[in-house]
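In the UniProt record's numbering, the protein residues as written are 1 to 338.
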């Protein structure tokens, strides 16, 4: 079962790479080196490497079936069983830390996009950084303690990386929930600003579903809102399956690990490519052309506070081209009139 699950997850990730390879070459490989580019490559290709290693271990060894509490002091160092136990421990350390590393890489890539959407607001940066660091610490501590044999403070977890009935690693869905909440909040505030700029009355009650039906919803804002919802559903679904298997002490609890890695990789890289494609389209035009495509005229700046910030950005721009982060921050306030 582990072999089949790992094969399916690896095939899915590799297939997604080939589906979006042309977009990746244009938007990622053709761009200059940045933190986002490094995170994208790690989230995609390191995950493929990790899934390949997981598959190799599941097919060629019995490491997952060996208990963690074997006393190696009375086993001869040169024996084959000692080597098998040593390889098992090393493999579990790699798989455990790789799972945390791959997930955090994908989530950090998402958080960078969130902060760019909010114009790198200090409050949002502090909030997302604090929550990301908290999740990092929790993930590392839980994984390290579990791989070392468990601790009663972690619900008696004694085998996160094997099929024994004692493991109890509880994953979370913090970043996916934060991402969805922040994007929904951005959709509400930006749509209300556009309504005011058009001279319409603000919507007193503006829910999540109404965001998709709103007439002033812009392509960038719609894309962010849609991807946030899909990201939340995917991550929540795969974590829920893992959680149910673990709580039930199911012998196939380890089946969820490759799907967890694959889901975070595909979801985070797809969101990154979608936003890159949209900003790449507008990046080819000058600011004057970008202004002509906006339904918000500069004379309405007194009514729309966010446009003051846009005007300051225009005056401070050194070139006539628009950067990705500038577009990502301002595109939600611009609707196409054509």
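Cβ atoms here follow ideal geometry from the backbone N, Cα and C, with glycine treated the same way. Remember, it's a predicted structure, so these values are computed and weren't measured experimentally.
Contacts around residue i, its chain only, beta-carbon distance under 7 Å, and the 5 residues preceding and following it disregarded
i: residue 100; result: 139, 140 and 143
i: residue 108; result: 39 and 132
i: residue 98; result: 50
i: residue 23; result: 273 and 277
i: residue 52; result: 10
i: residue 31; result: 37
Residue i classed as buried or exposed, judged by whether at least 16 other C-beta atoms fall within 10 angstroms
i: residue 104; result: buried
i: residue 264; result: buried
i: residue 9; result: buried
i: residue 90; result: exposed
i: residue 134; result: exposed
i: residue 255; result: buried
i: residue 118; result: buried
i: residue 6; result: buried
i: residue 129; result: exposed
i: residue 185; result: exposed
i: residue 114; result: buried
i: residue 34; result: exposed
i: residue 189; result: exposed
i: residue 55; result: buried
i: residue 137; result: exposed
i: residue 121; result: exposed
i: residue 59; result: exposed
i: residue 25; result: exposed
i: residue 20; result: buried
Chain-order list of residues whose beta-carbon lies under 8 Å from that of residue i (same chain, five-residue window excluded)
i: residue 267; result: 106, 230, 231, 234 and 235
i: residue 93; result: 147
i: residue 27; result: 273, 276, 277 and 280
i: residue 260; result: 99, 103, 171, 238, 239 and 242
i: residue 43; result: 102, 105, 106, 109, 264, 265, 268 and 269
Residue i in three-state terms, based on DSSP
i: residue 339; result: Residue 339 is absent from the structure shown; the chain starts at 1 and stops at 338.
i: residue 163; result: Interpretation of residue 163 is limited by its pLDDT of 41, a score under 50 that renders its predicted location unreliable; no figure is taken from the coordinates.
i: residue 119; result: coil
i: residue 248; result: coil
i: residue 52; result: helix
i: residue 43; result: helix
i: residue 33; result: coil
i: residue 113; result: helix
i: residue 185; result: helix
i: residue 20; result: coil
i: residue 270; result: helix
i: residue 148; result: coil
Cut-off 6 Å between Cβ atoms - residues of its own chain near residue i, not counting five sequence neighbours on either side
i: residue 36; result: 112
i: residue 262; result: 9, 12 and 13
i: residue 258; result: 5, 6, 9, 51 and 54
i: residue 15; result: none
Residue i beta carbon near the ligand ZN (any heavy atom closer than 7 Å)
i: residue 113; result: No copy of the ligand ZN occurs in the structure displayed, which carries no ligand at all.
Is it a yes or a no for the region 227-239 touching the region 121-128, going by three-plus beta-carbon pairs under 8 Å?
-> no
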